[in-house]
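The listed protein sequences derive, respectively, from chains A and B.
Residue numbering for the first sequence follows this note's numbering, beginning at 1 and increasing consecutively.
Residue numbering for the second sequence follows this note's numbering, beginning at 206 and increasing consecutively.
Every residue gets a Cβ at the ideal spot worked out from N, C-alpha and C, and that includes glycine.
Quick caveat: nothing in here was measured; it's all calculated off a predicted structure.
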Amino acid sequence: MIGVVDYGGGNLASVGHALDRIQTGWQLVCNRSEVEAVDSLIFPGVGAAGPAMQGLQVQGLDTAIQQFVSSGRPYLGICLGHQLLFQRSAEDASACLGILTGEVVRLKTAEKVPHVGWNTVELRQSNRLFEGVEDEAFYFTHSFVANAGDEVVTARTTHGVPFVSAVSAAGVFGVQFHPERSGDAGLRLLTNFVGISQGAAGNAH
Amino acid sequence: MLTKRIIPCLDVAGGRVVKGRKFRYLKDRGDPVELARRYAQGGADELVFLDIAASTEGRETMVELVARVARELFIPFTVGGGIRSKDDVKRLLRAGADKVAIQTAAVNRPALVTEAAEVFGAQCVVVSIDAQRHSRGWEIFTHGAVRRTGLDALRWAVEVEQLGAGELLVTSIDADGGRGGYDLELTRSIADRVGIPVIASGGAGGPEDLLAVLTEGHADAALAASIFHSGDWTISEVKTALRSGGVAVRL
């Protein structure tokens with residue numbers, strides 16, 4: 001079972017509908033025991049970093065997610081859920097989950113910000129999450145980007161300047177774009193994550 | 206690189222898609238979800254649903270419509286019309302909308318733009334600007350283009366960016382539904398003054414109009430309704446023409 005993190009913020013419906021479309025069982029998780037019960041986690045994020053971290057802390061989800069990830073179970077962070085993986089965010093000067101090294105900063109470019117629309121990802125190496133969608137465009141909408149260490153960067157995207165658009169490290173995946181809003185390419189990426197989750201759950205059982 | 210977005214707009218009243226001219230003479234154009242699905246399959250980059258009735262019952266209908274659209278479509282969509290409070294924003298986002306377009310409420314209480322951006326992020330707050338040309342510039346109108354505000358469109362655009370808007374939807378009241386081309390000067394004047402994306406709206410008659418507004422008009426996205434609803438042009442025909450004109454699009 002896939003858990004979708006509900007910290008009381010914005011649009012959770014889209015990810016749930018996308019999982020329904022690819023016929024994958026999922027449930028919302030809003031507390032520690034619910035997090036502990038699932039095989040993998042998707043953290044969809046729409047919203048600002050500060051209120052999201054407060055929401056997580058109030059529900060005890062911050063430490064629950066940190067422990068979940070350190071247990072080796074798969075995690076997919078989308079947009080804000082990707083950014084919160086890092087140590088801190090310049091948006092509201094918030095401390096984040098600190099699962100990956102790096103910080104989230106405002107995208108500095110001569111182009112328009114927020115970066116809104118369909119853009120391509122340039123994969124640095126092949127990655128299971130991107131199988132079959134290596135050359136596709138995905139939908140982005142964000143003003144902040146994660147400055148991650150090279151060792152975890154899966155893909156970069158260019159908006160005037162290159163920025164990190166996907167990261168991965170030992171079962172932890174983060175994407176700056178919205179697969180649940182990226183048409184068929186996005187559904188394929190989510191299907192890949194479901195495959196990764198099922199593989200991990202199969203090994204554990 | 207980032208592609209220019211083509212955005213079909215569905216004006217909704219009483220749960221149906223309607224389209225008129227200069228905000229009047231409304232004709233029934235079909236079921237919103239049916240049309241939305243057709244556009245998504247045809248290559249639309251985003252969709253906009255505007256509740257043009259914006260009545261109390263209308264808002265309930267919109268929440269249900271948003272939920273239906275979100276279940277069936279996997280491209281981003283914006284909902285506008287009658288949004289007055291942070292709670293309205295939250296309900297639409299929770300129902301599955303990716304962004305909300307705020308217009309009259311932003312004029313009446315500008316702090317709403319800031320509050321919504323702080324809680325939900327600037328990326329989901331679109332401020333909608335309906336502007337009418339006069340001798341020295343453009344004036345903002347609200348309430349479905351019937352109420353004058355005395356506000357200058359260019360100054361207002363800069364102000365709402367400072368308030369926290371993530372995007373602007375700029376509609377020329379003069380050009381709306383006339384299919385004689387976008388107001389390029391209005392679009393460019395705003396796009397050059399702000400650092401956030403501008404969606405141009407009002408006046409698309411064919412691919413050449415979208416090409417003009419995305420190049421000469423400096424728009425980041427072009428919204429159109431009549432040319433798609435009528436079946437005169439498909440999205441992929443428009444995008445093919447844009448690509449031949451040197452505009453990066455997702456095909």
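- Setting aside the 5 residues that flank it on each side, residue 77 of chain A is surrounded in the same chain by 43, 85 and 174, each with a C-beta closer than 6 Å to its C-beta; the list follows chain order.
- One finds 46, 47 and 48 in chain A with Cβ atoms closer than 7 Å to the Cβ of residue 326 of chain B, taken in chain order.
- Between residue 275 of chain B and residue 13 of chain A a beta carbon distance of about 5 Å is seen, short of the 8 Å cut, so the two are scored as contacting.
- Not flagged as an interface residue toward chain B: residue 63 of chain A, since no C-beta distance is shorter than 7 Å.
- Residue 328 of chain B is positioned such that its CB atom lies closer than 7 Å to that of residue 141 of chain A.
- Excluding its 5 nearest sequence neighbours in each direction, residue 434 of chain B has C-beta neighbours in its own chain below 6 Å: 224 and 234, listed in chain order.
- Taking the CA atoms as reference points, residue 351 of chain B sits about 35 Å from residue 452 of chain B.
- Contact with chain B is found for residue 141 of chain A, since one of that chain's Cβ atoms lies less than 7 Å from the residue's Cβ.
- For residue 101 of chain A, the secondary structure class from DSSP, reduced to helix, strand or coil, is coil.
- Beta-bridge partners assigned by DSSP to residue 215 of chain B: B:254.
- The C-beta of residue 63 of chain A has fewer than 16 other C-beta atoms within 10 Å across all chains shown, which makes the residue exposed.
- Residue 40 of chain A: member of the beta strand (DSSP E) spanning 40-45, first to last residue.
- Counting along the chain, residue 246 of chain B sits inside the alpha helix (DSSP H) bounded by residues 237-246.
- Along the segment 138-166 of chain A, going in chain order, the ones with a CB nearer than 7 Å to a CB of chain B are 139, 141, 142, 143, 158 and 159.
- Excluding sequence positions up to five before and after residue 297 of chain B, its CB lies within less than 8 Å of the CB of 267, 268, 271, 284, 288 and 305, all in the same chain and listed in chain order.
- Distance from residue 160 of chain A to residue 110 of chain A at the Cβ level is roughly 5 Å; contact confirmed, criterion being Cβ atoms closer than 8 Å.
- No Cβ-Cβ contact shorter than 7 Å links residue 215 of chain B with residue 279 of chain B.
- Counting along the chain, no beta strand (DSSP E) covers residue 66 of chain A; the unbroken alpha helix (DSSP H) around it starts and ends at 61-70.
- At least one beta carbon of chain B lies nearer than 7 Å to the beta carbon of residue 13 of chain A.
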